[in-house]
Amino acid sequence: MTTAPPRPHPWTGSAPPPARGARLAFSARRLRIAAVYGTLLAATTAVFAVSLMVGDYAIALPDVLLALTGEGKRLDVFFVQGVRLPRAWTAVLVGVALGIAGGVFQSLSRNPLGSPDIIGFTGGASTAAVATILVFGGTMTQVSIGAVIGGIATAGLVYLLALKKGVQGYRLILVGIGINALLLAVRDYLMTRADLTEAVAAQVWMIGSLHGRGWGEVIAVAIGVGVLGPAVLALGQRLRLMEMGDDTAHALGVPVQTTQVTALILASALTGAAIAVSGPIGFIALAAPQLARRLARTTGTPIFGAGLMGALLLVTADLVGQRALAPAQLPVGAVTAVIGGSYLIWLLYREWRTGRA
Amino acid sequence: MPETSRLWGENLTLAYDQSVISRDLEVAIPDNSFTVIVGPNACGKSTLLRALSRMLKPSEGAVHLDGRLISSYPSKEVARRLGLLPQSSIAPDGITVADLVARGRYPHQKFLKQWSRADERIINEAMAATGVVDLAARMVDELSGGQRQRVWLAMVLAQQTPLLLLDEPTTYLDIAHQMDVLDLCAQLHGEREYTLVAVLHDLNHACRYATHLIAMKDGRVVAEGEPHRIITEELVEQVFGLPVRVIPDPETGAPLVVPADRRPGSARRGAPNGSAAAAPGIGLGARQTA
Chain A
120 MTTAPPRPHP
130 WTGSAPPPAR
140 GARLAFSARR
150 LRIAAVYGTL
160 LAATTAVFAV
170 SLMVGDYAIA
180 LPDVLLALTG
190 EGKRLDVFFV
200 QGVRLPRAWT
210 AVLVGVALGI
220 AGGVFQSLSR
230 NPLGSPDIIG
240 FTGGASTAAV
250 ATILVFGGTM
260 TQVSIGAVIG
270 GIATAGLVYL
280 LALKKGVQGY
290 RLILVGIGIN
300 ALLLAVRDYL
310 MTRADLTEAV
320 AAQVWMIGSL
330 HGRGWGEVIA
340 VAIGVGVLGP
350 AVLALGQRLR
360 LMEMGDDTAH
370 ALGVPVQTTQ
380 VTALILASAL
390 TGAAIAVSGP
400 IGFIALAAPQ
410 LARRLARTTG
420 TPIFGAGLMG
430 ALLLVTADLV
440 GQRALAPAQL
450 PVGAVTAVIG
460 GSYLIWLLYR
470 EWRTGRA
Chain B
10 MPETSRLWGE
20 NLTLAYDQSV
30 ISRDLEVAIP
40 DNSFTVIVGP
50 NACGKSTLLR
60 ALSRMLKPSE
70 GAVHLDGRLI
80 SSYPSKEVAR
90 RLGLLPQSSI
100 APDGITVADL
110 VARGRYPHQK
120 FLKQWSRADE
130 RIINEAMAAT
140 GVVDLAARMV
150 DELSGGQRQR
160 VWLAMVLAQQ
170 TPLLLLDEPT
180 TYLDIAHQMD
190 VLDLCAQLHG
200 EREYTLVAVL
210 HDLNHACRYA
220 THLIAMKDGR
230 VVAEGEPHRI
240 ITEELVEQVF
250 GLPVRVIPDP
260 ETGAPLVVPA
270 DRRPGSARRG
280 APNGSAAAAP
290 GIGLGARQTA
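Residue numbers (this note's numbering), protein chains in the order written: chain A, 120 to 476; chain B, 10 to 299.
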C-alpha cells in the first residue's frame with residue numbers, strides 16, 4: 120500500500136485577498152445604471168416639452184413656459200394647460216404603469232415575453248369593455264371599470280390555472296395565450312352582435328388612445344401609480360431573488376408564494392389603472408423592461424428602469440401619432456403596435472440567433 | 010434523541026399533490042454531523058431534504074428547528090439558521106460572481122440598512138473558501154459547470170448558517186470537482202463544526218464523507234448510522250436491488266461498494282482472495298494513490 124501525501128485543498132490554500140476589483144466593478148455598474156436612468160429621464164422631459172409645443176397650433180418654448188404659469192395668451196394657456204399638459208401627463212403615467220407592470224410579469228415568468236398582453240390581461244379587459252358597451256350602453260367610466268374588472272379576473276384565472284407547485288413561468292405564458300385566444304373569440308363574437316355606433320365606440324376604445332384625456336384621467340392614473348408603484352418597487356429585491364429560481368429564493372428567506380401573489384395583484388392593478396384611462400395600449404409593457412435591461416445592462420429585470428422606459432416610449436409614441444401624419448391623428452395604440460411589433464420580431468430573431476428560443 | 014437535535018422531523022407524510030412519497034417518517038439530523046441521504050432514484054431523498062428545509066410543507070407531521078416548528082419562523086429567520094443549496098438555480102443574465110455571492114447576505118439585511126463592512130468581509134471569506142476570489146468580477150454565465158457550482162456554494166456560505174442542506178451538490182461535475190466540493194463540505198464540518206445534510210448519488214462518496222448515513226427506499230428509512238456500521242452487501246442489495254461486494258476503501262478504510270460483475274462469462278466474482286485482489290482494478294483507488 121502506498122501512503123498518499125495529504126492532498127492540499129485546491130481552493131483554500133491561499134489567504135483571502137480583498138476582492139477590490141469586484142467592488143470597483145460593483146460601483147461602476149451602479150454608476151452606469153444611474154447614468155442610463157438619468158438619460159431616460161432627460162429624454163422623457165425633452166419629449167414631454169416638445170409635445171407641449173407642437174401641434175396644428177404651434178407654441179414656442181418661452182410661450183409654453185409662460186402658459187404653464189398661467190400667463191401669456193389665453194389660447195396658449197388653453198392649449199398648454201387644458202389640452203396638451205394633461206395628455207402628456209397621461210402618457211407619462213400610463214407609460215410608467217405599463218412599464219412597471221410589464222417588468223413584474225417578465226420577472227415572475229422569467230421570460231421576456233411575459234406581459235399583460237400575452238398573459239391574457241388585455242384580452243380580458245377588452246372583452247369586458249366591449250361587453251360593457253353592448254350591455255350597459257357604457258359611459259367612459261363604466262367601460263373603464265368593466266375593463267379593470269375583466270382584466271383582473273382574467274389574470275386571476277390564468278394564475279390559478281398555471282398554479283402547480285408554485286407558478287412556472289412558461290405555464291403562465293402558455294395558459295395566458297390560450298385564455299387570451301378564447302376571450303378574443305368571445306369579444307369578436309360580441310362585436311358582430313353590436314350595432315354600428317356601439318361597434319365604433321368599442322373599436323375606438325380597443326385600439327388605445329390618449330386623445331382628449333383631461334385632468335380627471337391624470338389624477339386617476341396618478342393615484343394608481345403613486346400607490347401601487349412604490350409597493351411594487353418595495354418588492355423589487357424579492358423579485359430579483361426569485362429570478363434565481365423559487366427554491367433558491369425560498370432558501371434565502373423570500374416568502375415566494377406570497378410575493379408572487381402580491382406582485383401579480385399589484386401589477387394587474389397597475390395595468391388596470393392604465394387601461395382604464397387609455398384603453399389597451401399594446402407592447403409598452405412588453406418592450407420597456409427589455410429595452411431598459413439591455414441599455415442599463417442590469418442583472419435581471421429592472422422594475423424602476425422599466426417604468427422610466429415605459430414613460431419615454433409612450434410619450435414619444437403619442438407625439439409620433441399626433442404629428443407623423445398630421446393633420447390626421449393616429450391613435451397611440453397603433454403607433455406602439457408598429458414599434459412593439461418590430462421590437463418583438465427583433466427580439467425573437469435575436470433569441471433564435473443565440474439559440475435560446 | 011430527537012429533542013437534542015437542532016433539526017428533526019416527526020411523523021412526516023410527504024406528498025406532491027395527490028401522490029404520497031413518504032408516510033410516518035421519523036428523522037433526526039445529529040448535531041455537528043455530516044449526514045448523507047442515499048437511496049435509489051425516486052426513493053424520496055430529495056423530498057425529505059425539501060421537507061427539512063421547509064420547501065415542502067408536510068401533509069402530516071412536522072419539522073422542528075431549534076426547538077420550534079420550522080413553519081412558525083418568519084422566512085428570513087429560517088434562512089439565518091439553515092442554508093440550502095437546491096438542485097437547480099438560475100443565474101440571472103449578466104450577474105457577476107461577487108454580486109451573486111452577495112445575494113447570500115439577503116436574510117441578514119434590514120430594509121433600510123442594506124450593506125455593511127461585515128457583509129463585504131463575509132462575502133470575501135465565502136469566495137475564498139470556495140476558491141472563486143479570482144473569478145469575482147467575472148460573469149457567472151461565462152463559467153464552467155464546476156466553477157458555477159462553487160459560486161453557488163459560496164452564496165450559500167455567505168448566508169453563514171451553521172446548518173447546511175445540499176441537494177445533490179456534485180451532480181454534473183467531473184470526478185475531481187466532485188471531490189473538491191465534498192472536501193470543502195468535510196472541511197466545513199471538521200473545522201467550523203457545521204452540521205451538513207447532503208443528498209448524494211454516489212454511495213462511495215457517501216461512505217467516505219458521511220459521519221451519519223441515512224439509507225432510504227420507497228419513502229422509508231431502511232437504515233441509518235455510521236457508514237461502516239450499516240453498509241453491508243445485504244443492505245445495498247436490499248436498497249438498490251443490485252448485487253455488490255463491500256470492501257474496505259484502500260484510501261480511507263471506509264466501506265467501498267463495488268457492483269458485482271454481471272457480464273456473461275465473467276469469472277472474477279469467485280476470486281479466492283477477495284477484496285484485496287479487486288482493489289487495484291478500481292479507478293477511484295488508483296487515482297487517489299497516484
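Virtual Cβ for every residue (Gly too), placed ideally from N, Cα, C.
Chain-ordered chain B contacts of residue i [CB-CB under 7 angstroms]
i: residue 367 of chain A; result: 95, 98
Rounded C-alpha distance that separates residue i from residue j
i: residue 327 of chain A; j: residue 248 of chain A; result: 12 angstroms
i: residue 135 of chain B; j: residue 157 of chain B; result: 14 angstroms
i: residue 214 of chain A; j: residue 329 of chain A; result: 11 angstroms
i: residue 231 of chain A; j: residue 205 of chain A; result: 32 angstroms
i: residue 379 of chain A; j: residue 273 of chain B; result: 56 angstroms
i: residue 168 of chain A; j: residue 163 of chain B; result: 50 angstroms
i: residue 430 of chain A; j: residue 456 of chain A; result: 16 angstroms
i: residue 296 of chain A; j: residue 169 of chain B; result: 43 angstroms
i: residue 208 of chain B; j: residue 53 of chain B; result: 10 angstroms
i: residue 29 of chain B; j: residue 22 of chain B; result: 7 angstroms
i: residue 154 of chain A; j: residue 424 of chain A; result: 11 angstroms
i: residue 243 of chain A; j: residue 186 of chain B; result: 51 angstroms
i: residue 81 of chain B; j: residue 254 of chain A; result: 50 angstroms
i: residue 91 of chain B; j: residue 171 of chain B; result: 7 angstroms
i: residue 381 of chain A; j: residue 191 of chain A; result: 48 angstroms
i: residue 466 of chain A; j: residue 420 of chain A; result: 15 angstroms
Start and end residues, beta strand (DSSP E) containing residue i
i: residue 176 of chain B; result: 172-176
i: residue 211 of chain B; result: From DSSP, residue 211 of chain B is part of no beta strand (DSSP E); its letter is neither H nor E.
i: residue 372 of chain A; result: Neither: residue 372 of chain A is in no beta strand (DSSP E) and is coded neither H nor E.
i: residue 224 of chain B; result: 221-226
i: residue 44 of chain B; result: 43-47
i: residue 230 of chain B; result: 229-234
i: residue 160 of chain B; result: Run containing residue 160 of chain B: none in the beta strand (DSSP E); it sits in the alpha helix (DSSP H), 154-167.
Where the alpha helix (DSSP H) through residue i begins and ends
i: residue 435 of chain A; result: 422-442
i: residue 84 of chain B; result: 84-90
i: residue 345 of chain A; result: 334-353
i: residue 130 of chain B; result: 126-138
i: residue 256 of chain B; result: Residue 256 of chain B -> not in any alpha helix (DSSP H); beta strand (DSSP E) instead, spanning 253-257.
i: residue 212 of chain A; result: 204-228
i: residue 248 of chain B; result: 242-249
i: residue 323 of chain A; result: 315-326
Proximal residues of chain A, C-beta to C-beta of residue i below 9 angstroms
i: residue 103 of chain B; result: 412, 416, 417, 418, 419
Under 7 angstroms by beta carbon: chain A residues contacting residue i
i: residue 263 of chain B; result: Here the premise fails: no neighbours, minimum Cβ distance about 15 angstroms.
i: residue 218 of chain B; result: Those within 7 angstroms of residue 218 of chain B in chain A number zero; the least Cβ separation is about 14 angstroms.
i: residue 85 of chain B; result: 372
i: residue 62 of chain B; result: 370
i: residue 116 of chain B; result: 371, 372
Neighbour list for residue i in chain B, Cβ cutoff strictly below 8 angstroms
i: residue 364 of chain A; result: 95, 97, 98, 99
i: residue 291 of chain A; result: Neighbours of residue 291 of chain A on chain B: none; closest Cβ ~16 angstroms, over 8 angstroms.
i: residue 360 of chain A; result: 112, 115
Bridge partner(s) assigned by DSSP for residue i
i: residue 18 of chain B; result: B/36, B/72
i: residue 77 of chain B; result: B/74
i: residue 146 of chain A; result: Beta-bridge pairing links residue 146 of chain A to no other residue.
i: residue 277 of chain A; result: Residue 277 of chain A pairs with nothing; no bridge assigned.
DSSP state of residue i mapped onto helix, strand, coil
i: residue 173 of chain A; result: coil
i: residue 281 of chain B; result: Reliability of the predicted coordinates at residue 281 of chain B is poor, the pLDDT of 44 falling under 50, and the value obtained from them is presented with this limitation in mind. If DSSP states are grouped into helix, strand and coil, residue 281 of chain B belongs with coil.
i: residue 119 of chain B; result: coil
i: residue 462 of chain A; result: helix
i: residue 377 of chain A; result: helix
i: residue 446 of chain A; result: coil
i: residue 400 of chain A; result: coil
i: residue 468 of chain A; result: helix
i: residue 24 of chain B; result: strand
i: residue 267 of chain B; result: strand
i: residue 90 of chain A; result: Any answer about residue 90 of chain A is impossible in this case: the structure gives chain A only from 120 up to 476.
i: residue 478 of chain A; result: Past the boundaries of the shown model lies residue 478 of chain A; chain A is included only from 120 to 476, so the question cannot be answered.
i: residue 457 of chain A; result: helix
Beta-carbon neighbours of residue i, restricted to chain B and to distances below 9 angstroms
i: residue 229 of chain A; result: 99
Neighbour list for residue i in chain A, Cβ cutoff strictly below 8 angstroms
i: residue 53 of chain B; result: Ordered by position in chain A, no residue passes the 8 angstroms Cβ test against residue 53 of chain B, which lies about 16 angstroms from the chain.
i: residue 88 of chain B; result: 370, 371, 372
i: residue 199 of chain B; result: Here the premise fails: no neighbours, minimum Cβ distance about 11 angstroms.
i: residue 92 of chain B; result: 370
Residue i Cβ short of 8 angstroms to the ligand SAM heavy atom set
i: residue 192 of chain B; result: Absence of the ligand SAM from the depicted structure is noted, as is the absence of any ligand whatsoever, leaving it without description.
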